[in-house]
Amino acid sequence: MSKKTIIVFSGDYDKLMAAFIIANGAAAMDDEVTMFFTFWGLAALRKPVGAVANSADKSGLQKAFSAMLPKHAEKLGLSRFNFAGAGRSMMKKVMKSENVMTVAELMETAREQGVKMIACTMSMDVLGIGKDELVDGIEYAGVATYLSEADESNVNLFI
Amino acid sequence: MSKKTIIVFSGDYDKLMAAFIIANGAAAMDDEVTMFFTFWGLAALRKPVGAVANSADKSGLQKAFSAMLPKHAEKLGLSRFNFAGAGRSMMKKVMKSENVMTVAELMETAREQGVKMIACTMSMDVLGIGKDELVDGIEYAGVATYLSEADESNVNLFI
Amino acid sequence: MSKKTIIVFSGDYDKLMAAFIIANGAAAMDDEVTMFFTFWGLAALRKPVGAVANSADKSGLQKAFSAMLPKHAEKLGLSRFNFAGAGRSMMKKVMKSENVMTVAELMETAREQGVKMIACTMSMDVLGIGKDELVDGIEYAGVATYLSEADESNVNLFI
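Residue numbers (the numbering used here), protein chains in the order written: chain A, 23 to 181; chain B, 23 to 181; chain C, 23 to 181.
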């Protein structure tokens, strides 16, 4: 048993798939896994649209950023061939026929396997994302926490 | 002597250059190097156009993805300033005048130096890429194999 | 105390923020940190416009690449929602109001904390960037130097 960390910087659907597949694979081999979600990767942790009241204390700029960022992992685009979501839809159809899990399903499995998910508080400030907008059962921390975890891990990836 | 792994997720020409330069540098220092090609990175392992018959057993969606993905490493674009291939052509001209190897040449060197190249079988399913479409001399495996290699390595990168 | 390396391949403003925040966090915990700037990441090390005479010995192609690459870290775009620089300006306004440092400020802190910054000489050749165009106080080296540093480090990231 060893430890792994993954910084999830990207908000691309395909990169999130890669991150969760690695995290779940390691957890299945009894590794302790920490995923640290920062910048656009925070989009993966957002609650579905409608589940959140608009935060009244955001600045106009924070509201703009927050509005641009997809409201749910399954709405994120691909890093390539996205074509305004058509690429992602297409990929998800193939995934279904090949029995490959969606990001939402992979995240659910990660939770069940005890993968630790941390939201980067500095990125939340910059992008204007409040705790009430993120899913339950996650932790909140900064770079010092990430570095402590990485120091104890034998595989550390930036995705 | 130690081990290194590189996950090659990206299909950008410049990122592939970086991946192979690191792999070849490590192999030259007698390290064991494993490159794990997944998602768009699989494009680097494709046989040149014309060398492959169309797979009859692909779904329409898999055919579409497969058609969009460049058929050869030297046809891949840059992550920046690609301008429909003009940027890559320009970069390749400078590389030639500066005696920097192309991706195809770097891959050939990697082979000669015994760098292990693994194609991710799950990504092949999602993108509709068959073994007959990939170059010879590579291995096929999934995330468990990657994790076993990474556990034994002291440098693990995601590119 | 341990060592860390970060390959800075990307020239995106947000990814540079992430790279420097991790580097500075580790340096603050008394780690030795080496940042290896390659390809578009070299843009972060450029002197401001006007500070450099045009290099007479660049080829036309090198001049073109060199001209496209932003001349200063604070002019770099975001990896998402950049909108020709509007996204970056917006993010910088929020950062200011939230007391988050800019890339230029993060780099200054990195210097003060003794973070070692290395410019990749092969990328400089390919992109046509001369030493006279880069800031003072950095080192110049290739992949072998990176690998030696990485071999001694317990966290190695590619950003």
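We put the beta carbon where it would ideally sit given N, CA and C, even for glycine.
Source: prediction; values computed, not measured.
For residue i, which residues in chain A fall below 7 angstroms Cβ to Cβ?
| i | result |
| --- | --- |
| B:Leu83 | Met112, Lys115, Val116 |
Is residue i buried or exposed, if buried means 16 or more other CB atoms sit within 10 Å of its CB?
| i | result |
| --- | --- |
| A:Glu127 | exposed |
| A:Tyr11 | This structure does not reach residue 11 of chain A, given that chain A is present from 23 up to 181, and the question cannot be answered. |
| C:Lys153 | exposed |
| A:Ser81 | exposed |
| B:Glu171 | buried |
| C:Gly136 | exposed |
| B:Asp53 | buried |
| A:Met113 | buried |
| B:Met23 | exposed |
| A:Tyr168 | buried |
| A:Phe105 | exposed |
| A:Glu155 | buried |
| B:Gly159 | exposed |
| C:Ala89 | exposed |
| C:Asn46 | buried |
| C:Ser119 | exposed |
| A:Ser111 | exposed |
| A:Ala40 | buried |
| B:Asn121 | exposed |
| B:Ala48 | buried |
| B:Lys85 | exposed |
| B:Ala132 | buried |
| A:Ala108 | exposed |
| B:Ala65 | buried |
| B:Ala141 | buried |
| C:Ala95 | buried |
I want to verify the contact list: residues of chain C whose CB lies under 7 angstroms from the CB of residue i, in sequence order.
| i | result |
| --- | --- |
| B:Glu120 | Asp147, Val148 |
| A:Leu169 | Gly47, Ala48, Met51 |
| B:Asp36 | Phe61 |
| A:Met144 | Val122 |
| B:Ala40 | Phe31, Thr60, Phe61 |
| B:Ile140 | Result: empty, since nearest Cβ-Cβ is about 18 angstroms, beyond 7 angstroms. |
| A:Ala95 | Simply none; closest approach about 15 angstroms. |
Taking the alpha helix (DSSP H) that residue i belongs to, which residues open and close that run?
| i | result |
| --- | --- |
| B:Lys69 | Taken as a continuous stretch (DSSP letters only), B:Lys69 belongs to no alpha helix (DSSP H), as it is neither H nor E. |
| B:Ser24 | Careful: B:Ser24 lies outside any alpha helix (DSSP H) and carries neither H nor E. |
| A:Met90 | 82 to 90 |
| C:Leu37 | Per the sequence presented here, residue 37 of chain C reads as Lys, with Leu not at that position. Counting along the chain, the alpha helix (DSSP H) containing C:Lys37 begins and ends at 35 to 50. |
What residues match up with residue i in a beta bridge as DSSP calls it?
| i | result |
| --- | --- |
| C:Ile29 | C:Phe58, C:Phe180 |
Quick one: which chain C residues come within Cβ less than 8 angstroms of residue i?
| i | result |
| --- | --- |
| B:Ile151 | In chain order: nothing, as chain C lies at least about 24 angstroms away. |
Can you pull the chain A residues whose beta carbon is under 8 angstroms from the beta carbon of residue i, in chain order?
| i | result |
| --- | --- |
| B:Asn178 | Val177, Asn178, Leu179 |
| C:Ile160 | By Cβ distance, chain A contributes nothing, its closest Cβ being about 22 angstroms from C:Ile160, past 8 angstroms. |
So which residues on chain B does residue i lean against when the C-beta distance must stay under 9 angstroms?
| i | result |
| --- | --- |
| C:Phe87 | Phe103, Gly109, Met112, Met113, Val116 |
| C:Asp154 | Within 9 angstroms Cβ-Cβ: nothing; C:Asp154 doesn't reach chain B, min ~18 angstroms. |
| C:Ala166 | Gly47, Ala50, Met51 |
| C:Met90 | Arg102, Phe103, Gly109 |
Chain B partners of residue i, CB-CB under 7 angstroms?
| i | result |
| --- | --- |
| C:Ala172 | Val177 |
Cβ closer than 8 angstroms: which chain B residues qualify as neighbours of residue i?
| i | result |
| --- | --- |
| C:Met5 | The question about residue 5 of chain C has no answer here: the residues shown for chain C are numbered 23 through 181. |
Is there at least one non-hydrogen atom of the ligand FAD closer than 6 angstroms to the beta-carbon of residue i?
| i | result |
| --- | --- |
| A:Met146 | This structure lacks the ligand FAD, and indeed carries no ligand of any kind. |
### Query
Can you give, in chain order, each stretch of the beta strand (DSSP E) that sits fully within the segment 95 to 181 of chain C and has at least 3 residues?
138 to 142, 161 to 163, 177 to 180
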